[in-house]
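End of the sequence shown sits at 327 in full-length UniProt numbering; the numbers just go up one at a time, nothing left out.
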Amino acid sequence: MIIKPRTKPLSLLKLEALLRRLPQTHPKRPKIEEDFAKRLAGYKGEQSLDFYLSLLPEQDIHIFHDLRLPYKNHHFQMDTLLVTSSFISILEAKHFKGTIIFDQAFSQMIRILDDKEEAYPDPIQQAKSHRNKLQGLLERFNIPPLPIIPLVVITNSYSLLKPSQSASKLPSMVIRSSLLPEKIEDIKLKHKEDILSKNEIKKLSKGLIKLNTPLDQDILEVYRLSEQDLLSGVHCPSCFALPIMKKRGKWVCPACATESQDAHIFSLYDYSLLIGSTITNQKARKFLNLASESTTKKLLRSLQSPYSGIKKGREYYLCFEKYMSNP
Numbered sequence: 001m002i003i004k005p006r007t008k009p010l011s012l013l014k015l016e017a018l019l020r021r022l023p024q025t026h027p028k029r030p031k032i033e034e035d036f037a038k039r040l041a042g043y044k045g046e047q048s049l050d051f052y053l054s055l056l057p058e059q060d061i062h063i064f065h066d067l068r069l070p071y072k073n074h075h076f077q078m079d080t081l082l083v084t085s086s087f088i089s090i091l092e093a094k095h096f097k098g099t100i101i102f103d104q105a106f107s108q109m110i111r112i113l114d115d116k117e118e119a120y121p122d123p124i125q126q127a128k129s130h131r132n133k134l135q136g137l138l139e140r141f142n143i144p145p146l147p148i149i150p151l152v153v154i155t156n157s158y159s160l161l162k163p164s165q166s167a168s169k170l171p172s173m174v175i176r177s178s179l180l181p182e183k184i185e186d187i188k189l190k191h192k193e194d195i196l197s198k199n200e201i202k203k204l205s206k207g208l209i210k211l212n213t214p215l216d217q218d219i220l221e222v223y224r225l226s227e228q229d230l231l232s233g234v235h236c237p238s239c240f241a242l243p244i245m246k247k248r249g250k251w252v253c254p255a256c257a258t259e260s261q262d263a264h265i266f267s268l269y270d271y272s273l274l275i276g277s278t279i280t281n282q283k284a285r286k287f288l289n290l291a292s293e294s295t296t297k298k299l300l301r302s303l304q305s306p307y308s309g310i311k312k313g314r315e316y317y318l319c320f321e322k323y324m325s326n327p
C-alpha cells in the first residue's frame, strides 16, 4: 500500500526550469547540466525500483517515498521506507554505471567507469545512519520499538558489484533491485511477530507524513545566479523553444509550430520554481516579455489563483497543482 507516492523531487524540477531559462553559452551551464544529469539518473533509478515494490504484498507493507524528516537540528532523507507490523526497512537506492566496489575498510564506495575511479560516500553507512536517526525519531510516536533493517538497493542491472580486496563477499545488506521481493520475504520470515497494531501503523503513517519536510532551496542562490541571468519570454510547452509569439489569441512556436492557449502557465511555473511563489503584473510582464499591462492582467487572472492588494500593488499567488503533472 503506497502511503506517500513517488513524485519528481522539487530540486529536479528547479534544475529543469533553470536549464530552460539559462543561455546555452552561460559559463555555469556545464556544471548545472552535470548536476541535473546526476539527479535525473538517481530519480530514474528510484523509479525503476517501483516495479519490484509492486510485487510485494500490498496489504502487509506500507510504502513511503522520499521522506525528509527532522532529527535534532537538521534533516535526513530516505529514498523509500517500508513499514510493516513486525519490522521497518529503509531502502537506499543507487543507480550507478560501471564497476562498483564497496570498501568497508575506508567507509567509501568506489565507482570505476571508462578507466576513471571516483570515490563516493558509503551508502551502507548512510543507510545505517538513517536507521539510527529513525530509531530516535520513532520514540516520539509512543509506539513499541521494532526492528529497522537498512538495505542498499542497486537499481542499475548492468553495473558490476564487487567487494573490496580485503573482503571476500559483498555485505548482506547490498542487493540488486530484482532481488528485493525475495529479500523482504526473508526478512519477514525472521521477524514474524506482530509488534504494531493496525491503529499504531495508521498513527505512525500520519505522523511521518506530518513531519515530512521537502527540501526547498533557492536554486539561483545555490549557483550564485541572479534574475538577470535568466532568459525572458514564454517557452514552448512541446519543444521548450524560447521565446514563442502570441498571435490572434494563441501562443505559436516558430520552431515546431505548436499552438497553445495556455503556454504562459508553464512559464509562470518556471517563475515560481526559480524566483518566488507570488508575482505582480510588472514582474510578470518582465519575465514573460510582455508589453501590455492589460494582457498580462488577463493572463494572471486566468490562473484563478488567490491574490492580495489592489491596483499596481496586487500580488498573485502562483498555484499550479491543477495544471502540472509530476510523474
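Idealized CB from N, CA, C, for every residue including glycine. These numbers come from a predicted model, not from an experiment.
Asked                                                                                                          : Found
Local conformation of residue 327 per DSSP, three classes                                                      : Residue confidence is low: residue 327 scores 46 on pLDDT, short of 50, so the model does not pin down where it sits. Its coordinate-derived value is still stated next. Coil, per DSSP.
Heavy atom of the ligand SAM within 7 Å of residue 307 beta-carbon                                             : Summarising the ligand content, the structure contains no ligands, and the ligand SAM is consequently not present.
Sheet register partners of residue 234 (DSSP bridge)                                                           : Answer by DSSP bridge pairing: none, since residue 234 is not bridged.
Simplified DSSP assignment, three categories, for residue 303                                                  : coil
Length of the line joining the Cα atoms of residue 39 and residue 216                                          : 15 Å
Beta-ladder partner(s) of residue 269, from DSSP                                                               : DSSP lists no partner for residue 269.
Residue 69, DSSP secondary structure in three states                                                           : strand
Pair within 8 Å by beta-carbon distance, residue 244 and residue 252                                           : yes
Among 162, 44, 81, the one whose alpha carbon lies nearest that of residue 67                                  : 81
Sufficient close CB pairs (3 or more, under 8 Å) joining the segment 203-213 to the segment 222-231            : no
Residue(s) in a DSSP beta bridge with residue 103                                                              : 108
Local Cβ density within 10 Å of residue 126, reported as buried at 16 or more and exposed below that           : buried
Chain B within 8 Å of residue 46, Cβ atoms only                                                                : Although the question refers to chain B, the structure presented lacks it and comprises just one protein chain.
Euclidean distance between Cα positions of residue 291 and residue 76                                          : 46 Å
Limits of the beta strand (DSSP E) - the one that residue 77 falls within                                      : 74-83
Assumed close pair residue 173, residue 151 - CB separation to whole angstroms, cut-off 8 Å                    : 5 Å
Paired residues, beta bridge with residue 93 - DSSP                                                            : 153
Beta-bridge partners of residue 161, as assigned by DSSP                                                       : 100
Residue 9 burial status per 10 Å Cβ neighbour count (16 or more: buried)                                       : buried
Endpoints, the beta strand (DSSP E) within which residue 315 is located                                        : 315-317
Pair within 8 Å by beta-carbon distance, residue 271 and residue 320                                           : no
Three-state secondary structure (DSSP) of residue 64                                                           : strand
Beta-carbon spacing of residue 148, residue 100 below 8 Å                                                      : no
Cα-Cα separation, residue 274 to residue 15                                                                    : 9 Å
Coarse secondary structure for residue 43, derived from DSSP in three states                                   : helix
Rounded straight-line distance, which links the Cα of residue 310 to that of residue 43                        : 42 Å
Whole-number beta carbon distance between residue 96 and residue 48, since they are thought to touch under 8 Å : About 13 Å; that fails the 8 Å criterion.
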